[in-house]
Amino acid sequence: MSASDLLFDVGDYVVYPKHGVGRVIELQNSEIAGMQLELYVLRFEKEKMTLRVPTNKAEGVGMRKLSSNKTLKEALDVLKTKPKVKRTMWSRRAQEYEAKINSGDLVSIAEVTRDLFRAEDQPEQSYSERQIFEAASSRLARELGAMEETDEKTALAKIHEILNEYAPLYYAEKTD
1 MSASDLLFDV GDYVVYPKHG VGRVIELQNS EIAGMQLELY VLRFEKEKMT
51 LRVPTNKAEG VGMRKLSSNK TLKEALDVLK TKPKVKRTMW SRRAQEYEAK
101 INSGDLVSIA EVTRDLFRAE DQPEQSYSER QIFEAASSRL ARELGAMEET
151 DEKTALAKIH EILNEYAPLY YAEKTD
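Read in full-length UniProt numbering, the sequence shown has 72 at position 72, and its numbers run on one by one without any break.
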């Protein structure tokens, strides 16, 4: 694969479904099991992790560029909609939420964030609900932050601001 055929360049932010937003820090040639491989070297700052992905496998594992502005708007709009309350067992819902988070799809991650959000005046979440909410909102914030060239904390504040503005509208519906 020539350099012009590569999907990502050094310095690009990318989304790796299982780990979220990382940055291509290097293109590396390595010999593995007697084969020459060209690898993307990805750095995930939050996890303090480096990952090497063969350039010819990047698409197959779901690695992608940051979302488009249209997709970002769609994800932020999802945060403004009514949460979907499912009546299935928590273990089943938790699996579904984890699958959505690990899909790498920004809109799906926003759905999990919206569905598990609790305003301060709402009933408390269980520990596992809180963990999944934090994982989803952190993933969403890292991609939002990379796209808006800001840090995760600022992006997370923007997400919470949207949720705090819209969640009470739907919470009030249930209690009336």
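We treat Cβ as the ideally placed atom computed from N, Cα and C, and that holds for glycine.
Computed from a predicted structure; not experimentally measured.
Contiguous beta strand (DSSP E) assignments of at least 3 residues, all confined to the UniProt domain "CarD-like/TRCF RNAP-interacting" (7–117)
13–16, 20–32, 35–44, 49–54
Roughly how many angstroms lie between the CA atoms of THR81 and ALA99, to the nearest whole one?
21 Å
Hey, could you find the ends of the alpha helix (DSSP H) SER128 is sitting in?
127–147
Just the Cα atoms here: how many angstroms apart are LEU90 and LEU116?
At residue 90 the sequence reads Trp, which differs from the Leu that was named. When rounded, the distance between both Cα atoms is 12 Å.
Distance check for ALA167 and PRO83, CA to CA, integer angstroms please.
8 Å
Candidates THR55, VAL85, GLU111, of which the one nearest THR71 by Cα
GLU111
Among LEU7, SER137, ASP9, ASN164, which one has its Cα closest to the Cα of ALA75?
SER137
Nearest-angstrom Cβ-Cβ length linking ALA141 and LEU156, presumed shorter than 8 Å
4 Å
Kindly give me the distance between the Cβ atoms of VAL14 and LEU39, rounded to whole angstroms, as I take these residues to be in contact under 8 Å.
So it is not a contact: roughly 13 Å between Cβ atoms.
How many Å lie between MET49 and ARG139 at the Cα?
15 Å
C-alpha distance - PHE8 paired with LYS65, whole-angstrom precision:
8 Å
Assigned secondary structure, THR154 (DSSP; H/G/I helix, E/B strand, else coil):
helix
If we ignore side chains and look at the alpha-carbon of each, how far apart do ARG118 and GLU165 end up?
12 Å
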